[in-house]
Amino acid sequence: AYGVLRDWKPYMDFHLIMTCFADPRAYFRCMSPAFKSKCLADPALRAHTELGPTDIGDRLGLNVNIFHPEVRAYLKSFFQKAWAAAGKDPYAAVLEYAGEPCFYLPNLNGKSYVYDYSVQAKEEFRRFLQVKFPTLDALNKAWNSRYGRFEDIAPPTYDMMQEMRPADLPLIYEFRRFRKQALCEHFKMIYDAARRGSNKPVMIRWGREYFNGNSLDAFDVFRLTADTSDITEHHNCDDGTYGHFATQNYCYSIARYLNHKPRATTEFYVAAPEVTHFNWDKDDIGILWHRSVNNLWRAILWDEKLIVLWYLSGHPDPKRPGPDYRSGMTLAPVHLGVLPWMKTKTVNGIEDVIFRTRVVTPKVAMLAPFDATMVCQPDAHIAREAKEVHRFLDEFNYDYFCVPEELVLSGKETLSSYKVLFAPYTLWASAATQERLLQWVSGGGVLVMVGPFGYWDEYGRPSRALLDQCFGRIPMEVKKEGGVYGVALPHDELSRQPKVTIE
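Per the numbering used here, residue 1 is the first one in the sequence shown, and the count goes up by one each step.
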């Protein structure tokens, strides 16, 4: 990195320092030797699965117990001091990046375990439930359960790669909501601590957005971006051009809701899922090169303020040829040829010149469901239909926004500006969401369902209020094959089309 800075020094008037300290997976690496020793000696300071404390250095693991008061105090002090030091360097531009935060320990060949089962996490989970359900009777009625005390409620034990039993869904659903909320609050704690040290570093969070993620780590991106990030960010690691354009549109929609918060593309490269079947000959390289230029051009037109370059990579899978880093496939020459032009003032405001429809709110929207994403596990088949809707709208030049379900429920988005709302893969929808959309349809809105909307509620129970109101009581059956609501197992088959039939 310093060699690159030295070579580029004639062309630069600042140093860009990119860190990943705020990524929970990196916490243990940036801790002081003394605190590392404490974590090694005290299992309570480590993250817990249902099996107990984790080993330090677990892949993708939340190595430390973010619910423990001693860990929280250490992290707040660390980030405040680190940012105070960075703020004193007049030539340093600091980018703090936490990408793909998750709360599970993946095991692709066996059972995967969820964080966090520590004593502190269990206590906070119960408090979370008591806020949502003021009385135990209210919880038992909603869950159809028979708990005698809140203290009797414990996090679920289940294999994330297997089908969930309907009786377990209420507990699993609420535990997932709790974990997502807890991590958002954790990032907010880090953000506030860093800001006490300095306002200089730029903070970025990426929460596995709607078009590129799965239910296990699909965060409330709107809240994560609003409260803990200075930039609305998305990855380019998606399956080809349309996948990337869809994430750009989602990113832009979130930025508009956040008063045009600046946007960024990180890990800018053509992703492995699209290139696994290639033979790596010259024709394939040409295709990848074309996609890279295409995506980069779109990023320029959309006036994205930051692009973090990345080499073309693939996962270290023995089925795929070559090492993880393919130096011959690097896209750096393309990027470096465009960057000097991007630095000119010509780019500023080009979005309003080229995409004039972006100045106003479009009449078409796509619902980004929260509950359906939570329950449709483990893989993101919900995003498949969303990308197909995007492709249809994009090819026929229909401008649209992505509307997060949580904004509709909160009343911050009334849908009054839209005439048409697409709802891809929303088999799960709460009664509140169905009622809100029924009101909108009754007022003249056109709801385009890609499959039945609200066949189940968020707890996996039959819930057809919207369907019955719109179409009458039509006999309908959703059949599943080989997995969780249409997800094929084992894990190496998860990339296939969902095996769901509706009669």
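Glycine is no exception: its CB is placed at the ideal position from the N, C-alpha and C atoms.
Classified as exposed, His260 has fewer than 16 neighbouring CB atoms from the shown chains inside 10 Å of its CB. A contact between stretches requires three or more CB pairs, one per stretch, nearer than 8 Å, and the stretch 114 to 128 meets this requirement with the stretch 149 to 157. Put simply, the stretch 432 to 440 touches the stretch 461 to 470. At least three CB pairs are less than 8 Å apart. Cβ neighbours of Val389 within its own chain (closer than 7 Å, five residues either side excluded): Met366, Phe422, Pro424 and Val450.
Counting along the chain, the unbroken alpha helix (DSSP H) around Phe175 starts and ends at Leu169 to Gly197.
Ile474 is classed as exposed because its beta carbon has fewer than 16 other beta carbons within 10 Å across all chains shown. Rounded to the nearest whole angstrom, the CA to CA distance from Leu183 to Ile190 is 11 Å.
By the C-beta density criterion, Arg46 is buried, having at least 16 other C-beta atoms within 10 angstroms. Spatial neighbours of Pro69 in its own chain (CB-CB distance under 8 Å, excluding positions within 5 residues in sequence) are listed in chain order as Gln120. Burial is judged here by how many other beta carbons sit within 10 angstroms of a residue's own beta carbon; Phe175 has at least 16 and is buried.
If the five residues before and after Asp227 are omitted, its C-beta is found closer than 8 Å to the C-beta atoms of Cys184, Phe187, Lys188 and Tyr191, all from its own chain and listed in chain order.
Under the DSSP assignment, Ala368 falls in the beta strand (DSSP E) whose first and last residues are Val364 to Ala368.
The C-beta distance from Glu406 to Phe133 rounds to 19 Å, too long to meet the 8 Å contact threshold.
Here His390 carries a helix assignment [DSSP, helix/strand/coil]. Ranked by how close their Cα comes to the Cα of Asp399, the residues Tyr250, Leu169 and Gly445 have Tyr250 in first place. Apart from sequence neighbours up to five positions away, the residues of its chain that approach Lys363 with a beta-carbon distance below 7 Å are Tyr418, Lys419 and Val420, ordered along the chain. Using a Cβ distance threshold of 7 Å, Leu427 and Tyr455 count as a contacting pair. In chain order, Trp428 place their CB closer than 6 Å to the CB of Val375, counting only its own chain and leaving out the 5 sequence neighbours on each side. Taking all protein chains in view, the Cβ of Asp55 is surrounded by fewer than 16 other Cβ atoms within 10 Å, so the residue is classified as exposed. Val375: member of the alpha helix (DSSP H) spanning Asp371 to Val375, first to last residue.
Proximity of the stretch 132 to 150 to the stretch 64 to 81 falls short of the contact definition, fewer than three beta-carbon pairs being nearer than 8 Å.
Beta-bridge partners assigned by DSSP to Pro404: Ala368. A straight-line Cα-Cα distance of about 10 Å links His48 and Ile66. Annotated as proximal: Pro170 and Trp143, with beta-carbon spacing under 7 Å.
Counting C-beta atoms within 10 angstroms of its own C-beta, Gly444 has fewer than 16 neighbours from the protein chains shown and is therefore classed as exposed.
For Arg263, the three-state secondary structure derived from DSSP is strand. In this structure, Arg263 lies near Glu304, with their beta-carbon atoms less than 7 Å apart.
Per DSSP, the unbroken alpha helix (DSSP H) holding Pro33 starts and ends at Pro33 to Ala41.
In terms of Cβ geometry, Ala98 and Ser198 do not form a close pair [threshold 7 Å]. In this structure, Gln248 is the residue among Gln469, Leu415 and Gln248 with its C-alpha nearest to the C-alpha of Arg391.
Membership of Pro69 in the alpha helix (DSSP H) is indicated by the continuous run Pro69 to Gly87.
Residue range Leu136 to Trp143 is occupied by the alpha helix (DSSP H) that includes Leu136. Only exposed fits Val446, as fewer than 16 other CB atoms lie within 10 angstroms of its CB.
Residue environment: Arg205 is assigned as buried (16 or more neighbouring CB atoms within 10 Å of its CB, all protein chains considered). Leaving aside the five residues that flank Leu409 on each side, the residues in its chain whose CB is nearer than 7 Å to its CB run, in chain order, Ala432, Thr433 and Arg436.
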